[in-house]
Amino acid sequence: MNMLAEELNEVLRETVAGRLLSGLGQRLYFPKGIIAQSAEARKNAHFANATIGMAYQNGRPIIMSAVADEIPSLTPEEIVVYAPTAGVERTRLIWKDILAQKNPSIDPQGISLPVVVPGITAGISYIADLFIDEATPVLSSRPCWDNYELIFGERRGAPVTEIPFFGSGPGLDLDGIRQNFRSEARSGQVRAILNFPNNPSGYSPTHAEADTLIEIVEEIAESGADVLVICDDAYFGLFYDADFIQESLFGRLSTIHERVLAVKIDGPTKEDYAWGFRMGFVTFGSKNLQSVHYDALVKKLMGAIRSSVSCANTPAQTLMLKTMDDPRTPAEKERYYNLLKSRYHAVKHFIESRPPLDCLQALPFNSGYFMTFRCVDIDAEKLRLELLHKHGIGVVAFGTEFLRIAFSSIDESQIESVYRIVYDTARSMGNS
Ligand SMILES: Cc1ncc(COP(=O)(O)O)c(C=O)c1O
């Protein structure tokens with residue numbers, strides 16, 4: 013059991029609540045991960061807060077004009093009525109169209125209608141409910157979003173097997189990934205979650221790496237294993253370099269093999285700068301599955317929704333529709349994308365124009381909200397605390413090895429000084 017859970021259980025041990033806790037209740041805890049470190053940074057990061065996966069400009073969150081303008085004029089029907097369990101029909105249909113437009117590899121006839129869930133986190137958790145039992149390993153990247161451990165590990169009792177995705181080369185360690193998939197395939201079933209653009213590394217595969225990833229999945233399916241691939245596409249669309257993929261792996265995964273079930277989980281959270289909406293989508297795709305199968309899967313998912321939150325948030329779905337219908341939206345999204353892309357280039361420029369540090373090595377990055385350093389012979393958590401308490405800079409440590417900087421939440425004008433301080437502080441703690 014996690015140490016933090018044990019500490020909470022110890023506090024509650026002599027109480028009625030402690031005696032009544034379920035097995036899951038005993039396993040749950042609040043991690044000292046991104047959210048806790050962000051809360052710490054909100055108090056102390058007076059110079060720059062680069063902890064949180066949101067996009068800020070001049071100290072305020074970015075917001076789409078359609079959302080800001082429409083809120084006061086929503087009708088009661090658009091705010092307070094219950095939404096259908098699987099979501100408002102038009103929202104689902106439009107999202108499906110958008111998926112097909114942005115991902116030419118998707119065959120719209122061959123996938124389910126997206127189901128609205130209360131955020132991508134909820135979508136992942138529901139898919140875990142449907143497909144992941146206790147002691148069933150889930151393959152993921154190392155490093156990965158820290159919430160996977162809580163969702164798969166603690167909630168479902170399913171160990172997260174983190175595959176080191178980055179070796180010493182410039183991109184993915186495909187041999188290592190292949191070996192891990194092959195070895196899991198010996199059990200007859202493989203469950204994996206792929207997250208590109210990746211949190212925390214900011215990496216998306218090259219076109220050739222994407223081909224190999226697809227080939228790896230196809231190979232293990234061909235060898236007889238059933239494969240679930242969850243595509244966590246939280247940061248979809250924020251691709252900054254044409255040498256790397258510009259669309260989700262879901263399209264190809266949903267057509268490669270009858271033994272592969274692909275699930276795309278995405279939403280407006282990061283793509284449309286609507287973090288607090290608590291709205292996401294889950295879409296199923298698999299070669300040979302027909303609409304009758306998708307209907308059954310959607311009903312299973314509706315059971316998971318109905319038995320937890322009952323339905324997703326109505327105002328968020330209304331506002332998403334208004335945003336999608338608003339003629340200002342495409343240009344505005346382009347502007348925000350360019351804002352983030354320009355920050356990405358500023359970070360790249362800083363790193364490429366300095367002599368590399370032995371103690372702080374940038375993992376490859378080309379997309380999304382973040383980039384991450386591997387800390388060598390220095391402790392990422394100690395570096396984080398030093399940056400926060402001595403310099404007022406908030407960043408996130410993933411264990412002792414990785415330090416994540418969310419360039420999405422700092423203005424470009426601050427990038428040079430933030431990174432200079434990070435480098436100087438790391439250098440003072442290490443040997444170079
Ligand atoms: C990889 C990844 N997946 C999912 C999420 C959560 O998305 P949502 O806020 O829609 O639940 C995040 C948010 O930080 C994330 O980084």
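Residue numbers for the sequence shown follow my numbering, so the first one is 13 and each next one is one higher.
Cβ atoms here follow ideal geometry from the backbone N, Cα and C, with glycine treated the same way.
Note that the structure is a prediction, hence the values are computed from the model and not measured.
Query raised in the report: CB of Ala237 to nearest heavy atom of ligand 1: below 7 Å?
Result: The answer is no for Ala237.
Report task. Examine ligand 3 and report whether any of its heavy atoms sits within less than 7 Å of the Cβ of Thr281. Result -> Ligands displayed in this structure: ligand 1; ligand 3 is not among them.
Report task. With DSSP collapsed to three states, give me the class of Leu40. Result -> Residue state, collapsed to three classes: coil.
Requested in this report: Would you kindly check if the distance between the Cβ of Ile132 and the Cβ of Asp244 is under 8 Å?
Outcome: Yes, Cβ-Cβ distance for Asp244 and Ile132 is below 8 Å.
Query raised in the report: In chain order, what residues of the same chain lie with their CB nearer than 7 Å to the CB of Gly99, ignoring the 5 residues before and after it?
Result: Within the same chain, Gly99 has close Cβ partners Val127, Val128, Ala324, Gln329.
Requested in this report: Could you tell me whether the Cβ atoms of Tyr348 and Ala29 are closer together than 8 Å?
Outcome: One thing to note: Tyr348 has its Cβ no nearer than 8 Å to the Cβ of Ala29.
Report task. Confirm, please, whether the CB-CB distance from Val294 to Leu265 is below 8 Å. Result -> Note that the C-beta distance between Leu265 and Val294 is not below 8 Å.
Query raised in the report: What distance in whole Å lies between the Cβ atoms of Leu240 and Phe143, which are believed to be in contact at a cut-off of 8 Å?
Result: Taking the Cβ atoms as the reference, Phe143 lies roughly 5 Å from Leu240, within the contact range of under 8 Å.
Requested in this report: Counting only the same chain and skipping the five closest in sequence on each side, list residues whose C-beta sits under 8 Å from that of Asp458.
Outcome: Absent from the model: residue 458. The displayed extent of the chain is 13 to 444, so no value can be given.
Query - Buried versus exposed, by CB contacts within 10 Å (16 or more), Ala308 - result: With fewer than 16 Cβ atoms within 10 Å of its Cβ, Ala308 is classed as exposed.
Query raised in the report: Are there three or more Cβ pairs, one per stretch, closer than 8 Å when the region 154-169 is compared with the region 211-219?
Result: The count of Cβ pairs closer than 8 Å, one atom from the region 154-169 and one from the region 211-219, reaches three, so the stretches are in contact.
Query raised in the report: Can you tell me the Cα-Cα spacing of Leu261 and Ala246, whole angstroms?
Result: Each residue's alpha carbon lies about 13 Å from the other.
Report task. Return the CA-CA distance between Gly249 and Leu24, expressed in angstroms with no decimal places. Result -> So the alpha carbons of these two residues sit roughly 45 Å apart.
Query raised in the report: Quick one: what does DSSP say Gly5 is sitting in, helix, strand or coil?
Result: Since the first residue of the chain shown is 13 and the last is 444, residue 5 is not available in this structure.
Query raised in the report: Under the rule that 16 or more other beta-carbon atoms within 10 Å means buried, what is Lys55, buried or exposed?
Result: By the 10 Å Cβ count, Lys55 comes out exposed.
Requested in this report: Report the three-state DSSP secondary structure of Glu174 (helix, strand or coil).
Outcome: In this structure, Glu174 counts as strand in the three-state DSSP scheme.
Query raised in the report: Is the distance from the Cβ of Tyr138 to the Cβ of Ile205 below 8 Å?
Result: No, the pair does not count as a contact, with Cβ atoms beyond the cut-off.
Query raised in the report: In terms of residue numbering, what span does the alpha helix (DSSP H) encompassing Gly315 cover?
Result: Element bounds for Gly315: 303-318.
Report task. Mind checking which residues open and close the alpha helix (DSSP H) that includes Gln49? Result -> For Gln49, the enclosing alpha helix (DSSP H) stretches over residues 46-56.
Requested in this report: Go ahead and pull the three-state DSSP assignment for Asn378.
Outcome: For Asn378, the three-state secondary structure derived from DSSP is coil.
Query raised in the report: So, are the CB atoms of Glu196 and Ala170 less than 8 Å apart?
Result: Contact flag unset, no.
Query raised in the report: Closest to Ala78 by CA distance: which of Asp338, Gln258, Thr384, Lys394 is it?
Result: Relative to the Cα of Ala78, the nearest Cα in the group Asp338, Gln258, Thr384, Lys394 belongs to Asp338.
**Report entry** Neighbour-count burial assignment, Asn192, 16 or more Cβ in a 10 Å radius
**Finding:** Asn192 should be labelled buried.
**Report entry** Closest residue to Asp253 among Thr281, Ser379, Arg194, Ala222 (Cα-Cα distance)
**Finding:** Its Cα nearest to that of Asp253, the residue Ser379 stands out among Thr281, Ser379, Arg194, Ala222.
Report task. Label Gln49 either buried or exposed according to how many other C-beta atoms from any shown protein chain fall within 10 Å of its C-beta, with 16 as the threshold for buried. Result -> Burial of Gln49 is indicated by the presence of at least 16 other C-beta atoms within 10 angstroms of its C-beta.
Query raised in the report: Where Asn61 and Glu52 are concerned, what is the direct C-alpha to C-alpha distance, given to the nearest angstrom?
Result: Cα to Cα, Asn61 sits roughly 10 Å from Glu52.
Query raised in the report: Among the residues of its own chain, which have a CB less than 8 Å from the CB of Arg318, if the five just before and after it don't count?
Result: Correct list, in chain order: Thr97.
Report task. With Asp436 as the anchor, note down where its alpha helix (DSSP H) starts and where it stops. Result -> The continuous alpha helix (DSSP H) containing Asp436 extends over residues 424-441.
Query - Spatial neighbours of Ile74 in its chain, beta-carbon cut-off 6 Å, leaving aside the 5 residues before and after - result: By the criterion of a C-beta distance shorter than 6 Å, Ile74 is surrounded in its chain by Ala67, Tyr285, Tyr348, once the five residues flanking it on both sides are discounted.
**Report entry** Status (buried if at least 16 other CB within 10 Å, exposed otherwise) for Leu36
**Finding:** Exposed: under 16 other Cβ atoms inside 10 Å.
Query - Pair within 8 Å by beta-carbon distance, Glu227 and Asn115 - result: No; because the gap between Cβ atoms is not below 8 Å, this pair is not in contact.
**Report entry** Continuous beta strand (DSSP E) assignments of at least 3 residues falling wholly in the region 104-167
**Finding:** You should have 127-129, 150-154.
Query raised in the report: If we count Cβ pairs, one from each stretch, closer than 8 Å, do we get three or more for the region 381-391 versus the region 407-421?
Result: The region 381-391, when compared against the region 407-421, does touch it at the 8 Å Cβ threshold.
Query raised in the report: Just reading off the alpha helix (DSSP H) that Lys330 is part of, what are its end residues?
Result: The identity of residue 330 in the sequence shown is Thr, whereas the question assumes Lys. It spans 326-337 - the alpha helix (DSSP H) in which Thr330 sits, taken as one unbroken run.
Query raised in the report: Exposed or buried, what is Thr437 when buried is set at 16 or more other beta-carbons lying within 10 Å of its beta-carbon?
Result: For Thr437, the number of other beta carbons within 10 angstroms of its own is at least 16, and it is reported as buried.
**Report entry** Residue nearest to Ser440 in terms of C-alpha spacing, selected from Lys394, Asn14, Ile189, Ala409
**Finding:** The shortest CA-to-CA distance from Ser440 to any of Lys394, Asn14, Ile189, Ala409 is the one to Lys394.
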